[in-house]
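When the count follows our numbering, it moves up by one through the sequence shown with no breaks and lands on 61 for the last residue.
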Amino acid sequence: IVSPLGQVLAGPLYNQEGILTATLDLAEVVQGKLDFDVVGHYARPDVFRLVVEERPFAPMI
Numbered sequence: 001i002v003s004p005l006g007q008v009l010a011g012p013l014y015n016q017e018g019i020l021t022a023t024l025d026l027a028e029v030v031q032g033k034l035d036f037d038v039v040g041h042y043a044r045p046d047v048f049r050l051v052v053e054e055r056p057f058a059p060m061i
């Protein structure tokens, strides 16, 4: 289990079955969103690609 800021809170389990639990600080969600690189300065072009489909899609209802 990894927090919104990237800190490992629990696990991983190796060579065993189990249930991991952790207490998350929901205030870290806001901080994590602020740390997100929206402009893409740290986005590696070899692993990240943005594709925008401009044609309209039919509703799936």
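Virtual Cβ for every residue (Gly too), placed ideally from N, Cα, C.
Taking the alpha carbon of residue 63 as the reference point, which residue from 35, 57, 54 and 2 has its own alpha carbon closest? Any answer about residue 63 is impossible in this case: the structure gives the chain only from 1 up to 61.
Strictly under 8 Å for the Cβ-Cβ distance: is residue 19 near chain C by that measure? Protein chains in the displayed structure number just one, and chain C is not present.
What is the DSSP secondary structure of residue 8, counted as helix, strand or coil? Counting from one through the sequence shown, the residue named residue 8 turns up at place 8. Of the three classes helix, strand and coil, the one that applies to residue 8 here is strand, per DSSP.
Pick out whichever of 4, 10 and 50 has its Cα sitting closest to the Cα of residue 26. As a position in the sequence shown, residue 26 is number 26, starting the count at 1. A check of alpha carbon separations from residue 26 across 4, 10 and 50 identifies 4 as the nearest.
My output table needs one value for residue 29: the three-state DSSP class, helix, strand or coil. Here residue 29 corresponds to residue number 29 of the sequence shown, with the count starting at 1. Reduced to three states, the DSSP call for residue 29 is helix.
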